Amino acid sequence: MILIFHFLCLLARYVVSNIAKSINKKEIHSQSTDNIVGFSKQTYYSGGILKFSPPVYIQRYETVALILQEFAAEGKINKVVEFGCADLNFFMYMKKIKEIKEIFEIDIDKEILERNLYKTSPLAFDYLTRKNHNSLDVYVLNGNVADYDEYLVGTDAIIGIELIEHLTEKVLKKMIFNIFNEIKPKVIIFTTPNAEFNSLLPNLTDMRHCDHKFEWTRKEFFTWTQEIIQKYPEYIVRFYGIGPGPDGSENLGCCSQMAVFQKNKDSEEAFITAREFPEVPDKTHKYELIAHYNYPERQETRTKDEKIVHEIQYQLPYIIKFSDFFNYEENVNVIPLSVLRDFVSDLCSTEEEFGDILMSNGMNIEKRDGALYLIKAESVSDLEDYSIDGSLDNYDNKKYYLKEEVNFNESWETNENCSQILDDANNFQTPRTLNELKDPIWNCQMSSPELHTELHKKTRQMSEPESTCNLGRQFDSVTSCI
């Protein structure tokens, strides 16, 4: 009986052990194949060098940004901290996520932060394009990932892109405590090299970077994450592969591996039991503020109808100019609403609704042969943008002139300063007032269609040699503006 009992115990241990191994293998496999983020990628050898398209660092940025966007869209993320931000290249991806209100860029290397600081300052473009974005505050800080600081209070998401492999074992443990016990964000994202993939990289004898303290296989990375969630059970973890290898290398996984920690929906402080912690951190300001920028909030206040009408009003002149919708019998443009609706398809569900909105805003909509059309007569303002090279030939021989207005009541100096007015006859300058002569902006060559004025002829005759006057008379026949 005792022998049977021991046999059953050994059998049970064997079964449990094999189930655990199969789960482990499945988890490791899933991060390299099933969970590769789906955008177009190519990996190939060129001249003996493994090439990625897009480059692996771009794939990393896009993958992390996609994960952040998913959480932000669910309303879970307002404040994001990036540790080890280095040259601040990932910032441009984060600032596009409209739900984010605060971004903290933190790195231990102050010099590299100051050198790349310009990447975080708002551009004129940002003031024009941040429609429906929250006001965004950006902080660039010099600090250590192992240190806690009051700047970190209320953080929703923490990012460490290719960071952990640069940390010593001691700093890595402090980082885990700082992030999971002190900051307690809702989302934590780490990426790190996959050591198994190194065999595909030619001429690589050791690690990928001289500062790397380690490079983990997928199994080692998985083990590290499991140790964390065992200590902090309020978190769950998912795995992703970034930068798949060439065909036939699927068993090695991807170039980079990513773990996404997320707080359980049901997790509360009750999950957090007594743990063995390092020393309690000093919660004063340990980080040095390098820069703080504010990106303006620009909320869209227009109604849906206003957006539609404004967009069509903007597009109409270009459609009239570059499309062939002019009806010569009616002397109007007859534009199908199906053409116009393409510009506002995300705002209008049906063509009938679109037509009703345009009609209610004073536009002429007619139904012809079962289809809806916008009837638009061309006005003079519609024609002003046409080039004056024959494009107006079909418009009743109307003439349009460019005319330079001259104020003939100005006090012109025509006697003692004639030599100064036309100091260089070859410049063919329009006579100027004394105030204009003192202004350096007038010290440039120019011509004018008003060169034939009596005042100009008189001053030119007083100062020009005969050959210059003849040249001037020839030039009078040209009307040009600079």
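Mind the numbering: the sequence shown is residues -17 to -1, 1 to 465 in mature numbering (1 follows the signal peptide of the UniProt record, and there is no 0), read in order.
Here a beta-carbon is modelled for each residue, glycine too, at the ideal position from N, C-alpha and C.
If you're wondering where the values come from, they're calculated on a predicted model, not measured in any experiment.
Item, Value
"Would the segment 131 to 150 and the segment 305 to 312 be scored as touching if the rule is three or more Cβ pairs under 8 angstroms?", "no"
"Taking contact to mean 3 or more Cβ pairs, one atom from each stretch, closer than 8 angstroms, check whether the segment 161 to 178 and the segment 196 to 210 are in contact.", "yes"
"CA-CA distance, Phe108 and Gln296?", "23 angstroms"
"I need the DSSP call for Leu187, collapsed to helix, strand or coil.", "coil"
"Candidates Arg285, Glu335, Tyr301 and Ala242: which alpha carbon is nearest Lys359's?", "Tyr301"
"Mind pulling the alpha helix (DSSP H) runs of 4 or more residues that sit fully within the segment 106 to 169?", "107 to 112 and 152 to 160"
"Leu320 to Thr286, Cα distance in whole Å?", "21 angstroms"
"Secondary structure at Ile219, three-state DSSP: helix, strand or coil?", "strand"
"State the DSSP-derived secondary structure class of Asp288, mapped to helix, strand or coil.", "helix"
"How would you write the range of the alpha helix (DSSP H) that Tyr276 sits in, first residue to last?", "Where Tyr276 is concerned, there is no enclosing alpha helix (DSSP H), although the beta strand (DSSP E) it sits in stretches over Glu271 to Tyr278."
"Three-state secondary structure (DSSP) at Tyr27?", "strand"
"Would you tell me roughly how many angstroms separate the C-alpha atoms of Leu184 and Leu106, rounded to the nearest one?", "39 angstroms"
"On a Cα-Cα basis, can you pick out the residue from Thr46, Tyr28, Val39 and Gly30 that is closest to Ala242?", "Thr46"
"Give every residue of the same chain whose Cβ lies closer than 6 angstroms to the Cβ of Asn344, excluding the five residues on either side of it in the sequence, and list them in chain order.", "Val292"
"Which of the three DSSP states, helix, strand or coil, is assigned to Met241?", "strand"
"Short of 6 angstroms in beta carbon distance, which residues of its chain neighbour Phe163, apart from the five on each side in sequence? Order them along the chain.", "Tyr215"
"Using beta-carbon positions only, say whether Tyr276 and Ser104 come within less than 8 angstroms of one another.", "yes"
"Can we say the segment 23 to 42 touches the segment 85 to 101, given the rule of at least three CB pairs closer than 8 angstroms?", "no"
"Taking only the alpha-carbon atoms, compute the straight-line gap between Ser232 and Leu100 and give it to the nearest angstrom.", "40 angstroms"
"Among Ala69, Met77 and Gly67, which has the Cα closest to the Cα of Ile60?", "Met77"
"Can you grab the Cα-Cα spacing for the pair Tyr356 / Lys79, in whole Å?", "38 angstroms"
"On a Cα-Cα basis, can you pick out the residue from Asn181, His116 and Asn127 that is closest to Val64?", "Asn127"
"Considering only the alpha carbon of each residue, which of Glu312, Ile348 and Glu336 lies closest to Ile318?", "Ile348"
"Using a Cβ-Cβ cut-off of 6 angstroms (strictly less than) and excluding sequence neighbours within five positions of Arg221, which residues of its own chain qualify?", "Val243"
"Does DSSP put Lys246 in a helix, in a strand, or in coil?", "strand"
"Expressed to the nearest angstrom, what Euclidean distance is found between the alpha-carbon atoms of Glu335 and Lys246?", "47 angstroms"
"Count the other C-beta atoms from every protein chain shown that fall within 10 angstroms of the C-beta of Pro168, then say buried if there are 16 or more, exposed otherwise.", "buried"
"So the alpha helix (DSSP H) Lys93 belongs to, where does it begin and stop?", "Lys93 to Arg98"
"On the DSSP letters alone, give me the boundaries of the beta strand (DSSP E) that Ala55 sits inside.", "Unbroken run through Ala55 is the alpha helix (DSSP H), Val39 to Ala56; no beta strand (DSSP E)."
"So, is Met158 buried or exposed, given that buried needs 16 or more other C-beta atoms within 10 angstroms?", "buried"
"Relative to the C-alpha of Glu165, which residue among Asp139, Phe173 and Asp325 is closest?", "Asp139"
"My guess is that Phe87 and Leu124 are in contact by the Cβ rule of under 8 angstroms, so how many angstroms apart are they, rounded?", "6 angstroms"
"With a Cβ-Cβ cutoff of 8 angstroms, do Ile89 and Phe66 count as a contact?", "yes"
"Could you tell me the boundaries of the beta strand (DSSP E) in which Glu88 lies?", "Glu85 to Asp90"
"Please state whether the Cβ-Cβ distance between Glu283 and Phe326 is less than 8 angstroms.", "no"
"Are Ile212 and Ile219 touching if we call contact CB-CB under 8 angstroms?", "yes"
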